[in-house]
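A quick write-up on the structure given underneath.
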Amino acid sequence: EDQVTQSPEALRLQEGESSSLNCSYTVSGLRGLFWYRQDPGKGPEFLFTLYSAGEEKEKERLKATLTKKESFLHITAPKPEDSATYLCAFRGGATNKLIFGTGTLLAVQP
Amino acid sequence: GAGVSQSPSNKVTEKGKDVELRCDPISGHTALYWYRQSLGQGLEFLIYFQGNSAPDKSGLPSDRFSAERTGGSVSTLTIQRTQQEDSAVYLCASSLVSPELFFGEGSRLTVL
Numbered sequence: 368e369d370q371v372t373q374s375p376e377a378l379r380l381q382e383g384e385s386s387s388l389n390c391s392y393t394v395s396g397l398r399g400l401f402w403y404r405q406d407p408g409k410g411p412e413f414l415f416t417l418y419s420a421g422e423e424k425e426k427e428r429l430k431a432t433l434t435k436k437e438s439f440l441h442i443t444a445p446k447p448e449d450s451a452t453y454l455c456a457f458r459g460g461a462t463n464k465l466i467f468g469t470g471t472l473l474a475v476q477p
Numbered sequence: 421g422a423g424v425s426q427s428p429s430n431k432v433t434e435k436g437k438d439v440e441l442r443c444d445p446i447s448g449h450t451a452l453y454w455y456r457q458s459l460g461q462g463l464e465f466l467i468y469f470q471g472n473s474a475p476d477k478s479g480l481p482s483d484r485f486s487a488e489r490t491g492g493s494v495s496t497l498t499i500q501r502t503q504q505e506d507s508a509v510y511l512c513a514s515s516l517v518s519p520e521l522f523f524g525e526g527s528r529l530t531v532l
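Protein chains in written order, with this note's numbering: chain H, 368 to 477; chain C, 421 to 532.
Right under this line is the structure:
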């Protein structure tokens, strides 16, 4: 069965302390691995799409990478405004629906 | 408006009552999704509409749940005979051909 697992469930960082979030997946016929950010009381906001192993995407302090089994969201020198839940999702097989992981709750303290 | 609009933002109902949740997608977006997010949980896929194609209903948890999309635009998610386990935030998203989904802020449903 296609599935995605995110770790850690929660992560607390000091401002400026770089780290990585993990998204492990088992998907037949991966047609995209996606990262979203969700703030409390809001809907998720799109960050990145990755399609093939070795691909990388960057946006400000965030960089997403993809291997054949995992995706990482690297956060460099985070700021308090980076605090949010980060969700990964995949699209696989013949369907266009996105299947989401349970997310990593990131708290960045000043 | 420019974004996905959902209404009501909050709904409190009694067990056994029917509820309707509305989603107004971004104009021109052909795909529309409904997801459910329970407290502390990830997003659970419910249903997906794409243009005039038959919807993908594979995520609907029971026959008490149904959804329709009229004229390729506005969608309504209906939950009949609500149960306490239906309490959650119901999120709608729309997109064009790309996989970037634009989400609304959700409808928070509380079943007493």
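Note that the Cβ used here is the ideal one computed from N, Cα and C, for glycine as well.
Should residue i and residue j be called a contact, given that it needs their Cβ atoms to be closer than 8 Å?
i	j	result
L378(H)	T471(H)	yes
I446(C)	S514(C)	yes
K431(C)	V424(C)	no
Q426(C)	G524(C)	yes
F401(H)	A456(H)	yes
F439(H)	S387(H)	yes
Y455(C)	L511(C)	yes
K430(H)	A420(H)	no
With 16 as the cutoff for other CB atoms within 10 Å, does residue i come out buried or exposed?
i	result
D420(C)	This structure gives no information on residue 420(C), because the portion of chain C shown stretches from 421 to 532.
A461(H)	exposed
P375(H)	exposed
A444(H)	exposed
D506(C)	buried
T410(H)	The sequence shown places Gly at residue 410(H), not Thr. By the neighbour-count rule (16 or more Cβ atoms within 10 Å), G410(H) is buried.
K464(H)	buried
Y418(H)	exposed
G489(C)	According to the sequence shown, residue 489(C) is Arg rather than Gly. Result: buried.
Using DSSP with H/G/I as helix, E/B as strand and the rest coil, what is residue i?
i	result
Q504(C)	helix
D483(C)	coil
E437(H)	strand
D449(H)	helix
G459(H)	strand
A422(C)	coil
L465(H)	coil
Whose Cβ in chain C lies nearer than 7 Å to the Cβ of residue i?
i	result
G470(H)	G462
L417(H)	Simply none; closest approach about 11 Å.
G399(H)	P519
Can you name the residues of chain H whose CB is closer than 8 Å to the CB of residue i?
i	result
D476(C)	T462, N463 and K464
Q470(C)	N463
What residues of chain C sit near residue i, judged by a beta carbon separation below 9 Å?
i	result
K409(H)	F523, E525 and G526
R458(H)	P519
L454(H)	G462 and L463
Closer than 9 Å by beta-carbon distance: list the chain H residues that pair up with residue i, in chain order.
i	result
F465(C)	K464, L465, I466 and F467
Note down, in chain order, every chain H residue with its Cβ under 7 Å from the Cβ of residue i.
i	result
L511(C)	G410
Could you list which residues in chain C have their beta carbon closer than 8 Å to that of residue i, in chain order?
i	result
F413(H)	E520, L521 and F522
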